[in-house]
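Below you'll find the structure, written out as structure tokens, and then a few comments.
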Amino acid sequence: MPEKGEIQNEKFKILHFASCILNLVMRIDILSLFPKMFESPFSESIIKRAIDRGLVSIFVHNIRNFTHDKHHTVDDYPYGGGSGMVLKPAPLFEAVESIKGEIGDTAPVILLTPQGRLFCHQVAQELSSQPNLVLICGHYEGVDERVREHLVTDEISIGEYVLTGGELAAMVVVDAVVRLLPGVLSSEQASQEDSYAQGFLEYPQYTRPQVYREWEVPPILLSGNHQEVARWRREQAIQRTLERRPDLLGKAVLSEEERKLVDRIKAKRDRA
Ligand code: SAM
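Numbering of the sequence shown is given in this note's numbering, commencing with residue 1 and proceeding in unit increments.
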């Protein structure tokens with residue numbers, strides 16, 4: 001009789017085999033001036049497990065390896081003057097062309113930039129259906145405009161603020177995309193109820209102890225009545241979304257009963 005771990009391993013082998021046949025193994029190539037920054041985030045937890053199981057391959061390339069001078073120059077002063085340095089086009093073009101030599105010409109080439117479209121669950125979902133992604137991390141004042149015009153196919157911003165470099169942004173994108181890949185999360189984790197997955201924020205979560213500093217877990221969660229628990233969670237998710245992100249609810253699919261609940265919550269709020 002196989003041990004639990006062996007069964008799991010067999011499951012992962014079958015999953016990996018199926019993923020390969022169905023071309024589900026995603027390959028992500030990242031261009032960075034600071035490849036070491038990626039070592040820790042990609043060698044822990046769920047991303048590490050996804051890599052170990054062969055569900056995703058991640059290659060971090062040092063942009064300096066695509067220079068030809070003895071100082072490995074990747075940046076230069078901006079034409080027209082101004083502060084800071086700009087990443088030169090040649091190393092980025094050569095790096096992407098070299099990667100495309102391996103993965104083909106159709107992969108999205110994404111520049112991380114505060115000027116890109118805002119990253120969100122839908123964008124993560126869209127990217128997770130791609131077999132390949134190439135991510136370019138800018139630094140200093142950014143990249144030569146010809147990279148944006150003639151090399152990249154997409155530009156993504158992780159928020160309306162400016163980071164010192166694209167590395168943290170690339171990590172955010174990779175993390176959010178990889179956790180959506182089939183088989184990366186176990187079925188218990190792969191919750192369709194995660195915030196944003198269905199146009200709601202998630203309901204409140206509790207764990208043991210049942211009473212902490214006199215604060216009790218809602219009794220419904222201890223009732224063992226799965227239908228009632230599901231109902232309570234759905235209501236909580238709706239209420240929370242209405243309170244914090246009412247803009248999301250417009251896109252969510254609601255039953256007649258849930259619409260009435262929204263109206264009741266709104267009416268109560270208006271009275272308060
Ligand atoms: N001068 C640029 C501007 O004003 O648009 C900002 C350059 S920023 C200091 C350096 C690099 O960090 C960018 O090229 C980009 O790769 C990355 N970066 C900064 N903020 C980002 C954000 N919100 N989302 C994605 N990447 C970002």
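Ideal Cβ positions, reconstructed from N, Cα and C, are used throughout, including at glycine.
Do the segment 151–163 and the segment 204–211 make contact, defined as three or more Cβ pairs closer than 8 Å?
-> The segment 151–163 is not in contact with the segment 204–211.
The beta strand (DSSP E) spanning F59 covers which residue range?
-> Taking the sequence shown and counting its residues from 1, one reaches residue 59 at position 59. If you look at F59, you'll find it in the beta strand (DSSP E) that goes V56 to N62.
What are the boundary residues of the beta strand (DSSP E) that R27 is part of?
-> If you number the sequence shown from 1, residue 27 lands on position 27. R27 -> beta strand (DSSP E) spans M26 to S32.
Provide the residue span of the alpha helix (DSSP H) that contains L261, from first to last.
-> Locating residue 261 in the sequence shown gives position 261, where the first residue counts as 1. From DSSP, the alpha helix (DSSP H) with L261 extends over E256 to R271.
Does the segment 245–256 touch the segment 184–202, meaning 3 or more C-beta pairs lie closer than 8 Å?
-> Segments in contact, yes.
Take the Cβ of E256 as the centre, count every other Cβ of all protein chains shown within 10 Å, and call the residue buried at 16 or more, exposed below.
-> Taking the sequence shown and counting its residues from 1, one reaches residue 256 at position 256. Under the 10 Å beta carbon count, E256 is surrounded by fewer than 16 other beta carbons and is classified as exposed.
Under the three-state reduction of DSSP, which class applies to I156: helix, strand or coil?
-> Locating residue 156 in the sequence shown gives position 156, where the first residue counts as 1. Strand.
Alpha-carbon spacing of S45 relative to D52, whole angstroms | Residue 45 sits at position 45 when you count from the first residue of the sequence shown. Residue 52 sits at position 52 when you count from the first residue of the sequence shown. Rounded to whole angstroms, the gap between the alpha carbons of S45 and D52 is 11 Å.
E241: which of E202, P35 and E97 sits nearest, CA to CA?
-> Here the question's residue 241 lines up with position 241 in the sequence shown. One point to set straight first is that residue 241 is Thr, not Glu, in the sequence displayed. Restricting attention to E202, P35 and E97, the CA atom closest to the CA of T241 is found in E202.
Is any heavy atom in the ligand SAM found nearer than 7 Å to the beta carbon of V56?
-> Taking the first residue of the sequence shown as 1, we reach residue 56 at position 56. Because no heavy atom of the ligand SAM lies under 7 Å away, the Cβ of V56 does not count as near it: no.
State whether the segment 104–122 contacts the segment 61–69, with contact taken as three or more CB pairs (one from each stretch) at a distance under 8 Å.
-> The segment 104–122 is not in contact with the segment 61–69.
Does L55 come within less than 8 Å of chain C when only Cβ atoms are used?
-> Of the protein chains in this structure there is only one, and it is not chain C.
What alpha helix (DSSP H) runs, 4 residues minimum, are completely inside the segment 99–170?
-> As far as the segment 99–170 is concerned, its whole alpha helix (DSSP H) runs of at least 4 residues are 121–128 and 145–150.
Would you mind working out which of V177, S83 and R213 sits nearest V123, comparing C-alpha positions?
-> Here residue 123 corresponds to residue number 123 of the sequence shown, with the count starting at 1. Closest option to V123, judged by alpha-carbon separation, among V177, S83 and R213: V177.
Work out the CA separation of S223 and E214 for me, nearest whole Å.
-> Reading the sequence shown from its first residue, position 214 is the one you call residue 214. Reading the sequence shown from its first residue, position 223 is the one you call residue 223. Cα to Cα, E214 sits roughly 19 Å from S223.
E97, DSSP secondary structure in three states = For the purposes of this step, residue 97 is taken as residue 97 along the sequence shown, with counting starting at 1. DSSP, read as helix, strand or coil, puts E97 in helix.
Is the CB-CB distance between V143 and V86 below 8 Å?
-> For this step, residue 143 is matched to residue 143 along the sequence shown. For this step, residue 86 is matched to residue 86 along the sequence shown. Contact: yes.
Residue(s) in a DSSP beta bridge with E216 = Translated into positions along the sequence shown, residue 216 becomes position 216. Answer is V211, bridged to E216.
Rounded to whole angstroms, how far is the Cβ of H47 from the Cβ of D154, which I believe are closer than 8 Å?
-> Here residue 47 is taken as the residue at index 47 of the sequence shown, counted from 1. Here residue 154 is taken as the residue at index 154 of the sequence shown, counted from 1. Residue identity check: residue 47 is Ile in the sequence provided, not His. The C-beta distance from I47 to D154 rounds to 21 Å, too long to meet the 8 Å contact threshold.
Going by Cα to Cα distance, which pick from L118, Q130, F93 and A170 is closest to H150?
-> Numbered from 1 along the sequence shown, position 150 holds the residue referred to as residue 150. Among L118, Q130, F93 and A170, the Cα nearest to that of H150 belongs to F93.
What's the C-alpha gap between F38 and G199?
-> Counting from one through the sequence shown, the residue named residue 38 turns up at place 38. Counting from one through the sequence shown, the residue named residue 199 turns up at place 199. Looking at the two C-alpha atoms, the distance is approximately 31 Å.
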